[in-house]
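Asks: Quick one: structure below, then a few questions.
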Amino acid sequence: MKYLESCIDETLRKYPVVPLLTRECVKDYKLPGTDKIIEKGTEILIPAFALQRDEKYYEEPDKFIPERFNEQNSIGKNLTNRPYLPFGEGPRNCIGLRLGKMQTKVGLVLMLQKFRFELEERLKKNEMVFDPKVFFLSPLGGIKLHIIKR
Ligand code: HEM
19 MKYLESCIDE
29 TLRKYPVVPL
39 LTRECVKDYK
49 LPGTDKIIEK
59 GTEILIPAFA
69 LQRDEKYYEE
79 PDKFIPERFN
89 EQNSIGKNLT
99 NRPYLPFGEG
109 PRNCIGLRLG
119 KMQTKVGLVL
129 MLQKFRFELE
139 ERLKKNEMVF
149 DPKVFFLSPL
159 GGIKLHIIKR
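In this text, residue positions in the sequence shown follow our numbering: the first is 19, and each later residue adds one.
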């Protein structure tokens with residue numbers, strides 16, 4: 019079950035459903051290590067997608083490597099120097115984190131017991147292209163799968 023968890027974690031790193039998080043600054047805040055001040059009332063956009071695909075934090079960021087999230091692996095999702103924000107962060111992060119992950123696991127286990135899923139050729143060869151008109155991360159043209167009974 020742990021490897022399934024790592025696969026879900028890595029999927030949400032590569033494809034955070036909410037690619038940009040939003041906040042409003044509630045008091046003047048000096049960015050540590052700089053002389054920049056974010057003023058009270060400033061609207062903030064936090065680029066979760068860009069941070070999670072930045073090679074400064076994740077080696078070979080476009081590769082799907084679930085082992086990044088193995089407990090034994092030093093590249094854990096909880097290391098503070100590695101942004102991992104698919105469920106946001108702080109007191110207003112996703113309230114459904116555990117339910118969302120549990121539903122995903124139950125759904126995958128039930129489906130994978132009976133079927134094999136094969137990706138369409140287009141996506142086997144190319145990186146996914148996202149629909150620029152949709153705020154939530156959505157594949158342009160959808161994802162077609164071949165479903166084969168086991
Ligand atoms: C894989 C599934 C899910 C993902 C990736 C996801 C992602 C997110 C993200 C990124 C946020 C914004 C957090 C922030 O700004 O820091 C959020 C907020 C929220 N999510 Fe989810 N979510 C998921 C499932 C769910 C489920 C199952 C529920 C409810 C049963 C839920 C309820 C909420 C609520 C109520 C908020 C607003 C929390 C607040 O503003 O205090 N989410 N979610």
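Don't be surprised by glycine CBs; every beta carbon is placed ideally from N, CA and C.
Please state whether DSSP places Tyr47 in a helix, a strand or coil.
Replies: In the three-state scheme derived from DSSP, where H, G and I count as helix and E and B as strand, Tyr47 is classed as strand.
Asks: Do you know whose CA, among Ile62, Leu158, Gly51 and Thr29, lies nearest Glu42's CA?
Replies: Ile62
Asks: Closest by CA to Arg168, which one among Arg100, Lys74 and Leu130?
Replies: Selected option, being the one with the closest Cα: Leu130.
Asks: For Ser171, tell me which candidate among Val35, Arg71, Ala68 and Phe87 has the shortest Cα-Cα distance.
Replies: Residue 171 cannot be examined here, being either before or after the span of the chain that is shown, 19 to 168.
Asks: What's the C-alpha gap between Arg100 and Ile165?
Replies: 36 angstroms
Asks: Give me the residue from Ile161, Arg31 and Gly114 with the minimum Cα distance to Asp72.
Replies: Ranking Ile161, Arg31 and Gly114 by Cα distance to Asp72 puts Arg31 first.
Asks: If we call anything under 8 angstroms between Cβ atoms a contact, is Ala66 one with Val44?
Replies: no
Asks: How is the alpha helix (DSSP H) around Thr29 delimited, first residue to last?
Replies: Lys20 to Lys32
Asks: Which whole runs of the beta strand (DSSP E) in the stretch 52–129 are 3 residues long or more, in chain order?
Replies: For the stretch 52–129, whole beta strand (DSSP E) runs of length 3 or above, ordered along the chain, are 61–64.
Asks: Can you check whether the CB of Ile26 is closer than 8 angstroms to the CB of Lys132?
Replies: no
Asks: Judging by CA-CA distance, which residue of Gly51, Asp46 and Leu69 is the nearest neighbour of Gly59?
Replies: Asp46
Asks: For a test of the three-state rule: what should DSSP assign to Arg134, helix, strand or coil?
Replies: strand
Asks: Go ahead and pull the three-state DSSP assignment for Lys167.
Replies: strand
Asks: Hey, quick one: how far does the beta strand (DSSP E) through Glu145 stretch, first residue to last?
Replies: Premise fails: Glu145 is in no beta strand (DSSP E) and is neither H nor E.
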